[in-house]
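Taking it in order: structure first as structure tokens, then the write-up.
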Amino acid sequence: QGQPLPSSDPLPQAGIDHRGHHFVVRALMNVPTSSQVAIFNIIQVGEDAAEANALMDERLQGLIADLGQLGFAPADLFVDMITQVPIFEYVVEKKRFSKTYNEVPAGIELQKNLHIRFRDGNLLDDIVKLAALHEIYDLVKVDYFFDGQEAVLDTLRGLAMRQIEKRVDVRQQLGVRYDSTRRTAAESHTLIYPLDRYRSYQGFGSSALENLRQRDGVTQIRKPQTLYYDQVRYEDYDIVLNPEMLEPCVQVSYVLEAYYYLEEKVAPEVKTEVVREVEYRLLTPEGKLQTLHLQRYPPE
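In the numbering used here, the protein residues as written are 44 to 343.
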């Protein structure tokens, strides 16, 4: 979906060479989500397919009914069939001098995903609580969506163009002249979703006492690893819209590049005048020889 994000290294916003100037404007807009889709995974085992499906339906339909009481319509829910596979176990067959382990079917494992669409981010807590009542705990992921992508890009494009026009105007006031018939431009954009911006974090302190080094009578506790939302930083951008967002959002990154060619200086035309000098000799009636020098332009 577009080009990669700008690197964290600062990049020049305008370049110059003997032919023209290169301008780059980076813009970012934080866009609130219009809807979200939570995906829960459900695993059910049974002695056979009928039992596994019956137990799965009991859990799923119970959660769907509770979600209906919360205001969810059937169009906001979708059950995605994932797998139905046999479960095997080993049976020992004893003989006089040996044992044989035979793998035999022991049951059925059924997996389904439940997709739940909601528009108020605060509903996710209620959804998780209801799912736990039906022994559904595995929240696989939450996808984010927003409306009006084209309108967002139009807004960023317009702001970026005005930023380039300002920079061009400053240089023109300094005496730079650009060729109005030769310009090139390129644009790119990237959509950064919250799912791609969560980072892992594990925070704890450990004692440095002697008994910890010796490991005598020490019981270590589990140190959980958590996640936090790390939005794209702003230092690489010239324009940022909606910079303060409390909840995770979709970040639209836009880059506009333009190259303005310098006006070529035309050398003044030099006219070369060629004069042809012609020499004539004239014999006078007195018998004298005279030399005449005549100039003729243009030459023959």
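Even for Gly, the Cβ is constructed at its ideal location relative to N, Cα and C.
As the structure is a computational prediction, the values presented were derived from the model and not from experiment.
| Item | Value |
| --- | --- |
| Contact under 8 Å by Cβ, leucine 270 with arginine 226 | no |
| Check whether proline 117 and proline 148 have beta carbons under 8 Å apart | no |
| Residue from Lys209, Lys308, His158 and Leu299 whose Cα sits closest to the Cα of threonine 198 | Leu299 |
| For leucine 305, the three-state DSSP class (helix, strand or coil) | strand |
| Proline 49 in three-state terms, based on DSSP | The predicted model places proline 49 with a pLDDT of 44, which falls under 50 and marks its position as unreliable; any figure quoted below should be read in that light. Note: proline 49 maps to coil in three-state DSSP. |
| From Ser231, Gln127, Ala70 and Tyr297, residue whose alpha carbon lies closest to that of alanine 92 | Gln127 |
| Cβ-based burial, tyrosine 244 [other Cβ within 10 Å; buried from 16] | exposed |
| Environment of arginine 69 [buried if 16+ CB atoms lie within 10 Å] | buried |
| Nearest-angstrom Cα separation, counted from arginine 200 out to valine 80 | 29 Å |
| Through-space distance from proline 291 to phenylalanine 161, alpha-carbon basis | 15 Å |
| Nonlocal neighbours in the same chain, by C-beta distance under 8 Å from methionine 99, ignoring five residues either side | Ile85, Gln87, Leu153 and Lys155 |
| Test item: CB-CB of aspartate 222 and leucine 305 under 8 Å | yes |
| Alpha carbon of isoleucine 82 to alpha carbon of glutamate 132, nearest angstrom | 31 Å |
| Within 8 Å, strictly: CB atoms of valine 293 and leucine 202 | no |
| Burial state of asparagine 73, where buried means 16 or more other Cβ atoms lie within 10 Å | buried |
| Buried or exposed (CB count within 10 angstroms, at least 16 for buried), isoleucine 361 | In the structure as shown, the chain begins at 44 and stops at 343. Residue 361 is therefore absent and cannot be evaluated. |
| Cutoff 7 Å; reference tyrosine 272; Cβ partners in own chain excluding five residues on either side | Pro237, Arg240, Tyr241 and Pro291 |
| Where glycine 63 falls, given that 16 or more other Cβ within 10 Å makes a residue buried | buried |
| Distance between isoleucine 179 and glutamine 104 (C-alpha atoms, nearest Å) | 12 Å |
| Where valine 211 sits in the DSSP three-state scheme | helix |
| Burial state of serine 77 (16 or more Cβ within 10 Å) | exposed |
| Alanine 174, buried or exposed, once every other Cβ within 10 Å from all chains shown has been counted against 16 | buried |
| CB-CB length for glycine 177 against arginine 102, believed under 8 Å | The sequence as given places histidine at residue 177; glycine does not occur at that position. Between arginine 102 and histidine 177 the Cβ distance is about 5 Å, and since that is below 8 Å, they are a contact. |
| Whole-angstrom C-beta distance between leucine 196 and tyrosine 297, which should lie under 8 Å | 7 Å |
| Threonine 198 - DSSP class collapsed to helix/strand/coil | helix |
| Member of Ala108, Val295 and His158 whose CA lies at the smallest distance from the CA of alanine 194 | Val295 |
| Own chain, CB closer than 7 Å to leucine 332, minus 5 neighbours either side, in chain order | Arg324 and Leu326 |
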